[in-house]
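Protein chains in written order, with the numbering used here: chain Z, 24 to 442; chain A, 14 to 169. Beta carbons: idealized from backbone N, C-alpha and C, even for Gly. Computed from a predicted model, the values in this text were never measured in an experiment. One structure is given here, and the rest of the page talks about it.
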Amino acid sequence: MERMNTPTTATPLNVTEIRKDFPIFTHQNGKALYFLDSAASSQKPLSVLQAMDNYYSTTHANVHRGVYQIAEHATELYEGARVKIGRFIGAPNPARETIFTKNATESINLLSTCLTRGRLKKGDVVVLTEMEHHANLVPWLIAKEQFGIELRYIKVDSEGYLALDNIDEILSGAKVLSVTLASNVLGTLPPVAHLAELAHKHGAIVIGDGAQFVPHMVTDVTDLGLDFLAFTGHKMLGPTGIGVLWGKSELLEALPPFMGGGDMITDVTLDGFTPNELPWKFEAGTPPIAEAIGLGAAVDYLQDLGMQNIREHEIKLLSYAFERLESNFGKNIVIHGPRNIQDRGGVISFDFRDIHPHDISQILDQSGVCVRAGHHCAKPLMRHLGIAATARASFHIYNEPADVDALVDALGKAQAFFG
Amino acid sequence: MPGLEDLYREIILDHYRNPRNEGTFPTPPAIKAEGHNPLCGDELTVFLILDGDVIKDIHITGQGCSISRSSASLMSVAVKGKSLKEVDHLLKIFKSMMSISTNASGEPEAVEPIEYSERELGELIALQGVVKFPVRIKCATLSWNTLVQALEDRAS
């Protein structure tokens, strides 16, 4: 967090060159593609696709099993990707603490399941916020329903920040704080390091949902004060089907296994089993090998650009978008979330006149502008905002001011159309 | 790519801006059903006042996109004063026009093609273009599925 907010002399991204690395932009039959939906899923650079292709073409075999060359090489690539990805988030012990899952959702489900099996007692309090994605909400609601944990919520204020005036009261006696690092609707970046410090004082462990944060910011689990971090590959230039759960070694060791099966044991008898060491204890069955390798290549790509540079790039785009949207549409557009650009990630959720987001999205699509319309898997937050749906534009490294211009022009068309 | 004018016909925009039969009725005497599209968050409630097997009056309230709102408005005009048998026929030809159809729980279901004249559909024909935008078909059929739900709830 500290590192992220430190002003540095950032090197501007060369977006023209970056776009050449993403095949999707050259496969549109000459039509423009203004892709403003990376918060849902990002596009993939050629290097990621090639890394997966190369693995399948040259050295595919199952990992951790075969005593032959290509199997050993596959294992090296898979475990190498793990270490690389762990280092990317500042994991003190990347080889042991970086667990591959299917996505951020599975990472949080793993935690809610294993914590209720092994650490939590009935009636224990888990603290969430009102701005959580369903992925960091429904697993805990299931745990509440089936196991009997209690849930408390940190509220969201009218400006889109977490309301922290009674935070000590909320955290008092809590065993877990699970909080988003960046809201997928409001863009809000909660003060996670501060919250983690408070939570630890109250004896709670801290889980971060980094799905919208890790792809865009310098991430250091120690600076953030986290005990666990969940994120997904496909929002950070990687393939679908791969996510990560990072956790402190001692906490992971104390948890019971998640799914049972091959690879997660050191011994099995007809009466019982001995779980494997970290991280394999939590990886039952053949893992998504190609996807892990692909995510490793995505991390290489992001690191070559520099996460601080990426953040600066998105701040510039956000500023430009705020300025253009508000100067063109004034009171006809309502942008949700914090006004201070430094306090937000690269998403802009908005209401436009009284035009339903579906209609906006449909009209924008005619101009090749892709935005998300809907409740963004955050229905409690939408109810809090008093709306059923918003349109959302979100940025990544391949976006440029021309994307914002196309959005503004297309909204102008929607305005003319619906009158 | 089909043009916007295929989707947003003038009649549709008119019903969206000036929805007919908007509001609620006390239940009873009215029966009601709530419909929602979990994908996009569109919600509406259909209130029916039946007189024997005739829909004597209908009110609809809710929120949604122009297609779901205008389709609800157009439906309210089309079914008001009609017998349940006539409504059933309208439902069948409407779903046939939508060709890819969905049942009350939003699952696709096969629709038998049936013969009908455009005259029978009346203003509902304005929604014909929706079929070119498959993701929007659910918007257009939401009100009809909710109407069916209200009638089925009553029957059970």
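### Message
Counting only Cβ pairs nearer than 7 Å, list the residues of chain Z close to A:Q141.
### Response
The contacting residues do not exist; A:Q141 stays about 17 Å from chain Z at best.
### Nearest-angstrom beta carbon gap, Z:D286 and Z:H87 [assumed within contact, 8 Å]
6 Å
### Message
What does the Cβ neighbour count give for Z:Q169, buried or exposed, with the cut at 16 atoms within 10 Å?
### Response
exposed
### Query
Does the stretch 363-372 of chain Z come within contact of the stretch 196-210 of chain Z, defined as at least 3 CB pairs closer than 8 Å?
yes
#### Entry: C-alpha gap between Z:E273 and Z:V267, whole angstroms
18 Å
#### Entry: DSSP three-state assignment for A:N50, whether helix, strand or coil
strand
### Message
So, at 7 Å on beta carbons, what are the nonlocal neighbours of Z:V322 in its own chain, with the 5 sequence-adjacent residues on each side left out?
### Response
Excluding sequence neighbours, Z:V322 sits near K107, I108, F111.
### Message
Quick check on A:R33: does DSSP put it in helix, strand or coil?
### Response
coil
### Task
Return yes when the Cβ of Z:G231 is within less than 8 Å of the Cβ of Z:L204, no when it is not.
yes
### Message
Please list, in chain order, the residues of the stretch 365-383 of chain Z that have any C-beta partner in chain A closer than 7 Å.
### Response
H379, H381, D382
#### Entry: Cβ neighbour criterion (16 or more within 10 Å) applied to A:R22
buried
### Message
Contact criterion: CB-CB distance below 8 Å. Does Z:H11 meet it with respect to chain A?
### Response
Here chain Z comprises residues numbered 24 to 442, so residue 11 of chain Z is not present and cannot be evaluated.
### Query
Among A:P15, A:L140, A:G16, A:V148, which one has its Cα closest to the Cα of A:S227?
Any question about residue 227 of chain A goes unanswered here, given that chain A covers just 14 to 169.
#### Entry: Min CB distance A:Y21 to chain Z below 8 Å
For A:Y21, the answer is yes, since a Cβ of chain Z falls inside 8 Å of its Cβ.
### CA nearest to the CA of Z:P403, picked from Z:L164, Z:A437, Z:D366, Z:I228
Z:L164
### Task
Assign A:I62 to one of three DSSP states: helix, strand, or coil.
strand
### Task
Could you give the DSSP three-state label for A:H72: helix, strand or coil?
Three-state result, A:H72: strand.
### Query
Can you tell me whether A:L52 is buried or exposed, with buried defined as 16 or more other CB within 10 angstroms of its CB?
Around the Cβ of A:L52, a 10 Å sphere holds fewer than 16 other Cβ atoms; the residue is exposed.
### Residues bridged to Z:V202 (per DSSP)
Z:G231
### Task
Identify whether A:F107 lies in helix, strand or coil by the three-state DSSP scheme.
helix
### Query
At what residues does the alpha helix (DSSP H) containing Z:D428 begin and finish?
424-441
### Where Z:Y79 sits in the DSSP three-state scheme
Looking at Z:Y79 - three-state DSSP - the assignment turns out to be helix.
### Task
Would you list the one or two residues that DSSP bridges to Z:T128?
Beta-bridge pairing links Z:T128 to no other residue.
### Message
Tell me the rounded alpha-carbon separation between A:T74 and Z:A411.
### Response
14 Å
### Residues of its chain near Z:P288, where Cβ-Cβ distance is below 8 Å and the 5 sequence neighbours each way are ignored
Before going on, a small fix: residue 288 of chain Z reads as Ile here, not Pro. Closer than 8 Å at Cβ, skipping near neighbours: F296, T297, P298, N299.
### Message
Relative to the C-alpha of Z:H225, which candidate in Z:A234, Z:L200, Z:L249 has its C-alpha closest?
### Response
Z:H225 has its Cα closest to that of Z:L200, out of Z:A234, Z:L200, Z:L249.
### Query
Which residues, taken in chain order from the stretch 69-82 of chain A, show a beta carbon closer than 9 Å to some beta carbon of chain Z?
Under the 9 Å Cβ criterion, the stretch 69-82 of chain A contributes Q76, G77, C78, S79, I80, S81, R82.
### Message
Quick check on A:P42: does DSSP put it in helix, strand or coil?
### Response
Secondary structure at A:P42: coil, using DSSP grouped into helix, strand and coil.
### Message
For the beta strand (DSSP E) containing Z:P298, name the first residue and the last one.
### Response
Residue range 296-298 is occupied by the beta strand (DSSP E) that includes Z:P298.
### Query
Are the C-beta atoms of A:L103 and some chain Z residue less than 8 Å apart?
no
### Beta carbon of A:S90 nearer than 8 Å to that of A:E136
Here residue 90 of chain A turns out to be Val, not Ser, going by the sequence shown. Going by C-beta atoms, A:V90 is nearer than 8 Å to A:E136.
### Query
Should Z:P35 go down as buried or exposed, given a rule of 16 or more other Cβ atoms within 10 Å for buried?
exposed
### Query
What are the residues of the stretch 386-414 of chain Z that lie near chain A, defined by any Cβ-Cβ distance shorter than 8 Å?
I386, Q389, A396, G397, H398, K402, M405, A411, A412
### Task
Please report how far the alpha carbon of Z:V150 lies from the alpha carbon of Z:D191, in whole angstroms.
The alpha-carbon atoms of Z:V150 and Z:D191 are separated by roughly 11 Å.
### Query
Taking just the CA atoms, how far does Z:A277 sit from Z:D243?
The alpha-carbon atoms of Z:D243 and Z:A277 are separated by roughly 23 Å.
### Message
Can you check which of these residues, Z:Y324, Z:R376, Z:H336, Z:Q365, is closest to Z:L348 by C-alpha distance?
### Response
Z:R376
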